[in-house]
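Encoded as structure tokens, the structure appears first; notes follow it.
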Amino acid sequence: MTSEAELDWKDIIHRCFRCGYCKFTYDYNDFNCPSYKKHRFETYSTGGRLWLIYGVINGDLQWSENLANVLYSCPTCGNCMENCRFEKFNFLLVDMIEAARAEATKSGFCPEKQKVLVERATNPEMWNPYGEPNSDNEALKKEYDLPDEAEWVYFIGCTSNYRQQNLRDATLRLLKKTGIDFTLVDEHCCTSPMLRTGQVDCASDFMNYNIARIKNAGASKVVTSCAGCYRTLLKDYEKFGADLGFEVYHTGELIKKLLNDGKIKIASNYDKVITYHDPCHLGRHMDMYEVPREVIKQIPGIKFVEMERIRENAWCCGAGGGVKIGYPDWALEISKERLEEAKETGAAVLTSMCPFCKTNLSDANETFNMGFEVLDLIEILDQLDIEILE
Amino acid sequence: MELSITNKEAILRKLEDIVGQDFASNKAEDLFIYSQDSGASIPRPVDYVIMPRTVEEVQKIVRLANKEKISLVPMGAGMTLSGLTIPIKGGIVVDMKRMDQIIEINKTSRYALIEAGVTTGILTAYLEKHHPDLEVSIPDAPPSATVTGNALIHGSGFLSQKYGNHGEMINGLEIVLPNGEICKLGSCCISDYWFTRGPIPDLIGLFISSFGTLGIATRLSIKLYPKDKLRDLAVGVFGNPKMIPVAISKITQIDLAEDITFFVQDKPAFMKGNVFLMTFITGNTQEEIDSKTKKLKRLYRKTKGSYMKIPEELNKFFLEKPMFISTAADYRKGGGFEYVGSFMPLGKIPEAIEKARDISLKYGISPTQVCRVIGKGHNVMFAASFSFNRADPADIENARNALHETNKLVLDLGGIIWKSELTGQKLILEKMDPNYKKLFNAIRNVVDPNGIMNPGNWEIR
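Sequence lines, in order, name chains A and B. For the record, in the first sequence the residue sitting at position 276 is 276 according to this note's numbering, with numbers rising by one throughout. For the record, in the second sequence the residue sitting at position 191 is 191 according to this note's numbering, with numbers rising by one throughout.
Here it is, written out as structure tokens:
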């Protein structure tokens, strides 16, 4: 929560009328809240959650395992923020759910599965929520011949570094191809899993550490291929009072800028039909819808087709908000619905710009044998010839 | 009936056996939401909530409730605001929203056959996409309101000026009676087509505004209507409320409108002391729209009103289906909102406007009245709304008192309170002809001898 919202949210939460707009797509043709669509009890809509939280605040309800479960079974995709018609507080809906998760944690009701994320991330041998030994990225620096100091830092993010190495390597190769001056740092978890699951106590330490590392590398700009890290670095660090002192770019933004500035050109064809999934952390959380599409449209030979629910109206992949670790089967069900929607477009390739979306969509693709090639847009670009123009 | 904890758990197991573990609950968090609504009604305890998917499941639930003598409260979206789905005597809330299939759109006979949980938003969007030349009348409620729930409370909305209230638009109903039997009403009891409710003894009316006391509706056939290509709005401003019935009579006499609504409010300041009459017009060409607008401008003038051109944004707001009127819930920054809706004779409207305004002022609530003409002036849905702060018990109590006084006003003026909450029902029953009550009670005793269906509502016994 922002310090401003911290003061306000408990005074605002009762203003939800529970009208139910939050459950829908913008044109009401379907329910677009994954949690409500699954459970169907009013309890599992955003309005229902706000009423429950208010019930706790005014003493009508007590914290319980089930109450925490209701709060945590939400991928915090932000569809509710887009569709709630109360403009004076709709932008705070996800913040309020996350703040209530923090209250649940304080009261000892953070679910065990989500707790593991932070137990791993705070383990000095890991510093990541996946429980992998920490990579200080020195080996990668050597492999890619990266300096100790540079204008840019590529903030890999834990998902790319420990689960989607192909995306990490594709990004490293692409950044090398573009010729920008960049390096890596011994990064720790960006804090996204902590903030999204209400385990906020150690977040500031992680933020300060990462900022110090980036500054020590002499960087004035950070680029990340992770939508979750991007949202966290740009939005949450500031909320926690951190002074970044550097600019933050998503890889999509950087590539678009290089293309538009005439510094690079895509010099080979990608002759496939693709569709694009808007990651919630990039789209609804950060309003970035056009950037990836503009990059896609500059790829020669590509046939780009859109799904029915896109941009602000996109169906979530189901991984976020601690759902992937807390409710893995349901996370796959949510992705399955996205893959089915993608199937209707006739696309062979499903692309996105978030390693966590890629993980979940790929898992569902495999589990349900959907037959897609699931690739991050950077992985597609990595397959193509990039011409340096300056 | 008071259940022991052991019995409660045993009943939950039986409910879970019917619909599966995920869709039956007696957890405090799940019940909490069902124990209250967004209106000013007092929260009351719920024992279970269950979400059936099929009519067979509904039958099993009803049979179980009958055997165990547990109350059943059917619920659509639970958006009446007057507490009609909050159990008065505990029991099981039967949330119908999983029965959400659009079964058939019959283009030729112009009806939609749907399950009881289909929302107005989903049906409207479906028609927009697949049958753009047809439309269904939907209420001024959020898109999560169910079509069936709204029709079964005598709802009204877009197209109601032309075609009447939503209860009148019902062609057929499938009901699970309190004994668990399925009863089909309307032509569907004889034919494969759900296209009309007669010509046979019309029993559908029994299930409208009886608030789930006679059974649970599982399927509904609702009329669809041809949709013109263009729709617009001509706003008239009237300083004298007495001219409203005159203007409405003239507009309906020459059949100019698709819909007529009007509203009165003190805020913002420029609205105070005026009635804003909104005539919605449709046509297939811009010439047709322009011609109707021209006629309305003249008509407004002749009835001592004046045409008001409104900004494009505001026009868009009023033309949106459904119109976003839930904004009233935030007038007092408190998320609470209830109104006394009523069916009122057109001729009584000026008095209703004046006296309801006095009540609002008495309770320190900014006067807000929203009204809709139903039929060609046959009836007006007159609503005086009261926003309140859910976080302030005194403010809620204040709103309750204002609602109660307005209920009395409605009856004094010869109107009838619409979808009335418990206290309003009592006022209606006090005034109701004894033989009407006797007949209704006799029917109810036969249909539901154990009194399991939403007991406490229309309580005559």
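Here a beta-carbon is modelled for each residue, glycine too, at the ideal position from N, C-alpha and C. Keep in mind the model is a prediction, meaning the values are calculated, not measured.
Among the residues facing chain B, Tyr21(A) is included, as its CB has a counterpart in that chain under 8 angstroms away. Interface with chain A (8 angstroms Cβ-Cβ cutoff): Arg390(B) is included.
Beta-bridge analysis with DSSP links Asp376(A) to Ser352(A). The beta carbons of Cys110(A) and Ala68(A) sit closer together than 8 angstroms. At a cut-off of 8 angstroms between beta carbons, Lys333(B) contacts chain A.
Taking the CA atoms as reference points, Val380(B) sits about 29 angstroms from Asp395(B).
The beta strand (DSSP E) runs of length 3 or more contained entirely in the stretch 220-277 of chain A are, from start to end of the chain, 221-224, 247-250, 264-266, 273-276.
A Cβ of chain B is located within less than 8 angstroms of the beta carbon of Lys88(A). Pairing Tyr111(B) with Asn29(A) gives a Cβ-Cβ distance that is not under 8 angstroms. Trp315(A) has its alpha-carbon roughly 46 angstroms from the corresponding atom of Lys294(B). Taking C-beta atoms as the reference points, Thr120(B) and Ala145(B) count as a pair closer than 8 angstroms. Under the Cβ criterion of 8 angstroms, Lys129(B) is counted among the residues facing chain A.
The residues Ala65, Asn66, Lys69, Ile70, Ser71, Leu72, Pro178, in chain order, have a CB closer than 7 angstroms to that of Ile452(B) in the same chain once the five nearest residues on each side in sequence are set aside.
Not flagged as an interface residue toward chain B: Thr359(A), since no C-beta distance is shorter than 8 angstroms. Flagged as an interface residue toward chain A: Met51(B), by a C-beta distance shorter than 8 angstroms. The beta carbon of Gly321(A) is closer than 6 angstroms to those of Cys74, Pro75, Thr76, Arg196 in its chain, skipping five residues each way along the sequence.
Tyr436(B) counts as exposed, since fewer than 16 other beta carbons sit within 10 angstroms of its beta carbon. Judged by DSSP secondary structure, Ser342(B) falls outside any alpha helix (DSSP H) and instead within the beta strand (DSSP E) spanning 335-344. Listed as beta-bridge partners of Asp259(B) by DSSP are Phe280(B).
The continuous alpha helix (DSSP H) containing Val116(A) extends over residues 112-121. Of the candidates Met243(B), Ala442(B), Gly78(B), Asp259(B), the residue whose Cα lies closest to the Cα of Tyr300(B) is Met243(B). Short of 8 angstroms from the beta carbon of Leu214(B), and not among the five residues preceding or following it, lie these beta carbons of its own chain, in chain order: Ile175, Leu177, Pro178, Leu206, Phe207, Ile443, Arg444, Val447, Asp448, Met453. Counting along the chain, the unbroken alpha helix (DSSP H) around Pro393(B) starts and ends at 393-412. Annotation: the continuous alpha helix (DSSP H) that includes Gln286(B) extends over 286-302.
Measuring C-alpha to C-alpha distances from Val185(A) to each of Ala217(A), Glu82(A), Arg173(A) identifies Ala217(A) as the nearest. Taking the C-beta atoms as reference points, Ile156(A) is found no nearer than 8 angstroms to Thr251(A). Asn123(A) counts as exposed, since fewer than 16 other C-beta atoms from the protein chains shown sit within 10 angstroms of its C-beta. For a Cβ distance threshold of 7 angstroms, residue set Cys19, Gly20, Tyr21 of chain A lies close to Pro142(B), ordered along the chain. Ranking Val235(B), Arg197(B), Asp17(B) by CA distance to the CA of Ile260(B) puts Val235(B) first. With respect to Lys162(B), His131(B) sits apart: the two C-beta atoms are not nearer than 8 angstroms. Around the beta carbon of Leu173(B), 16 or more other beta carbons lie within 10 angstroms, which makes this residue buried.
According to DSSP, residue pairing for Gly186(B) in a beta bridge involves Gly172(B). Assignment of Ser420(B) by DSSP, reduced to helix, strand and coil, places it in the coil class. CA-to-CA, the gap between Glu258(B) and Glu56(B) works out to about 40 angstroms. For the pair of segments examined, the stretch 189-204 of chain A was found to touch the stretch 121-141 of chain A: the number of CB pairs separated by less than 8 angstroms reaches three.
Among the CB atoms of chain B, none fall inside 8 angstroms of the CB of Asn32(A).
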